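Here the structure comes first, spelled out in structure tokens, and everything after it is commentary.
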Amino acid sequence: MAAGAGSGAQFVDRVVLHAAAGNGGNGCASVHREKFKPLGGPDGANGGRGGDVVLVVDANAASLLEYHRRPHRKAGNGRPGQGSLRTGADGADVILPVPDGTVVKAGEEVLADLVGEGTRYVVAQGGRGGLGNAALATAKRKAPGFALLGEPGDERDVVLELKSVADVALVGFPSAGKSSLIAALSAAKPKIADYPFTTLVPNLGVVGAGDTTFTVADVPGLIEGASEGRGLGLEFLRHIERSSTLAHVLDCATMEPGRDPVSDFEVIERELRAYDRVLGDRPLSDRPRIVVLNKVDVPDGRELAEMVRPEFEARGLAVFEVSAASHEGLRELSFAMAAMVTEYRAALPAVEPTRTVIRPEPVGGDTGFEVRPMGENTFLITGNKPVRWLRQTDFANEEAVGYLADRLARLGVEQALAEAGASRGATVLIGTPDDSVVFDWEPEVAAGEAAAGPRGTDRRLDGYR
């Protein structure tokens, strides 16, 4: 969501990011040659890894505006391998700075909650480089005439949502004085005017009270019906989800008919409870709160504050009469907020040093596969390894195709097809029903045998071209 359009800088707290990692470089098929030694052995090197797209929390990032303007980001491709065992260079990573409190989602699934300077999340991983023929050489295949292709990088569309990291959230109706209050309490300079919805973006201020320093969020005004989409408040409620304390800022000098501090308080409480449905185990309605009766510098405002104060105190709420204009009562308010924040922080479990646990994925990832009948003598093979191997195969090279057949046989695909009832000439699809490579299965063509003949050919394919 973008706010402030047409008034200079924009604030954006929700964007869709299209991230494309780099493709891996192809391996090289090369044979070392020198005078009097025409076949010195394979020396084709591996291709480079494709670059990643990485999100990193940066204290200097204030919004997601950059990704609203340029939502498509692509990392560099890996370079192909070369002869003389020269490995291809890795593709350049793309590092995307995001504000503290950014949540990464795929649909409704939360992939990462990025809190804390330097926190990283790889949103799209680069493809692995293909193996060169030097890495593919075996005792039976001493000089392979092929190499593996690089794997494509991930492509993902994710939603980035910004949830401000603040200790105290100021909530209240438009023009209740929240912006003036945060400006008086901190060094923040929000836009202030005497008309509703002045605040179109959340503001953060840092407040010091004694030995305690905490942050305060000024959120755009809520109105009745915000939980059903009215006004601006619902769009910004995500910015107070992390706050430990809520401060109701109530206008004691409003001239609008039908409004008073008590009814305003009850309306905001209803909207907070309505929003709780999306928060799970930390509902806003259960968090500590205080009541701030603002604008007591106005005579009528002071009189109304004195009238309603006993009613809030009877509900067990701490009440503060303040004036953002004259700064009356702000010292007491800031120390009360600091005490509540300190109490919350003290109740948190002790922070233990982060232990780095390395859990490397097995080479090739999931080793399983499945054979599914798709019709008369037609079968679909799914699984991570078979699909990866297809992407690595250069189908213009017979020896590479024969190598793929050997890999599939070692995995057990041939036996599984026979057990599933496949017969000679069966149509075999590898991949998905919508994106697959089609083969004709010939069980009499022996798998697992060394190829014979010129480099780049496979005698088992003679007669099946």
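The numbering used here applies: residue 133 is where the sequence shown begins, and numbers increase by one.
Cβ atoms here follow ideal geometry from the backbone N, Cα and C, with glycine treated the same way.
Just so you know, these numbers come straight off a predicted model, no measurement behind them.
Exposure of residue i, with buried meaning 16 or more beta-carbon neighbours within 10 Å
i           : result
residue 530 : buried
residue 371 : buried
residue 239 : exposed
residue 262 : buried
residue 173 : exposed
residue 202 : exposed
residue 340 : exposed
residue 544 : exposed
residue 204 : exposed
residue 453 : buried
residue 310 : buried
residue 322 : Reliability fails at residue 322, whose pLDDT of 43 lies under 50, so the model's placement of it is uncertain and the value that follows must be treated cautiously. Residue 322 should be labelled buried.
residue 397 : buried
residue 385 : buried
residue 200 : buried
Length of the line joining the Cα atoms of residue i and residue j
i           : j           : result
residue 145 : residue 295 : 8 Å
residue 415 : residue 148 : 27 Å
residue 247 : residue 233 : 5 Å
residue 383 : residue 459 : 15 Å
residue 381 : residue 350 : 10 Å
residue 408 : residue 566 : 41 Å
residue 522 : residue 536 : 8 Å
residue 428 : residue 471 : 24 Å
residue 348 : residue 456 : 15 Å
residue 342 : residue 206 : 48 Å
residue 193 : residue 187 : 12 Å
residue 552 : residue 516 : 20 Å
residue 195 : residue 436 : 39 Å
residue 376 : residue 518 : 50 Å
residue 167 : residue 539 : 36 Å
residue 275 : residue 573 : 28 Å
residue 469 : residue 401 : 19 Å
residue 326 : residue 209 : In this prediction, residue 326 has a pLDDT of 43, which is less than 50 and means its spatial position is unreliable; what the coordinates show is noted afterwards. Near 54 Å, if we compare the C-alpha coordinates of residue 209 and residue 326.
residue 308 : residue 426 : 7 Å
residue 612 : residue 151 : Any property of residue 612 remains undetermined from this structure, which presents the chain solely from 133 to 597.
residue 443 : residue 406 : 24 Å
residue 259 : residue 569 : 20 Å
residue 433 : residue 374 : 32 Å
residue 528 : residue 559 : 20 Å
residue 359 : residue 404 : Low per-residue confidence applies at residue 359: pLDDT is 46, beneath 50, and the placement is therefore not dependable enough to give any value.
residue 475 : residue 450 : 15 Å
residue 424 : residue 379 : 7 Å
residue 477 : residue 344 : 11 Å
residue 297 : residue 189 : 12 Å
residue 387 : residue 393 : 12 Å
residue 215 : residue 163 : 7 Å
residue 534 : residue 245 : 46 Å
residue 256 : residue 461 : 51 Å
residue 532 : residue 160 : 13 Å
residue 269 : residue 226 : 34 Å
residue 563 : residue 541 : 17 Å
residue 123 : residue 279 : Beyond the ends of the chain as shown, which are 133 and 597, falls residue 123; an answer cannot be given.
residue 447 : residue 304 : 18 Å
residue 389 : residue 465 : 29 Å
residue 301 : residue 286 : 39 Å
residue 318 : residue 463 : 12 Å
Span of the beta strand (DSSP E) around residue i
i           : result
residue 571 : 568-573
residue 337 : 335-341
residue 346 : 344-350
residue 422 : 421-426
residue 382 : 377-383
residue 152 : 146-152
Supposed close pair residue i, residue j - CB separation, criterion 8 Å
i           : j           : result
residue 509 : residue 554 : 7 Å
residue 178 : residue 267 : 6 Å
residue 418 : residue 346 : Going by Cβ atoms, the distance from residue 418 to residue 346 rounds to 20 Å, so no, they are not a contact pair.
residue 191 : residue 249 : 5 Å
residue 213 : residue 264 : 5 Å
residue 293 : residue 237 : 7 Å
residue 243 : residue 185 : Not a contact, Cβ separation roughly 13 Å.
residue 223 : residue 182 : 5 Å
Interface flag, residue i vs chain C, CB-CB below 7 Å
i           : result
residue 229 : No chain C is present in this structure, which holds just one protein chain.
Span of the alpha helix (DSSP H) around residue i
i           : result
residue 404 : 393-407
residue 281 : Careful: residue 281 lies outside any alpha helix (DSSP H) and carries neither H nor E.
residue 268 : 265-268
Any alpha helix (DSSP H) of 4 or more consecutive residues that is wholly inside the region 172-253 | 197-201
What residue ranges within the region 436-488 form continuous alpha helix (DSSP H) runs of no fewer than 4 residues, ordered along the chain?
-> 462-479
Where in the region 287-313 do unbroken runs of the beta strand (DSSP E), each at least 3 residues long, occur, reported from the N-terminal end onward?
-> 287-294, 300-303
Tell me the start and end of each unbroken beta strand (DSSP E) in the region 505-558 that is at least 3 residues and wholly inside, in chain order.
-> 510-514
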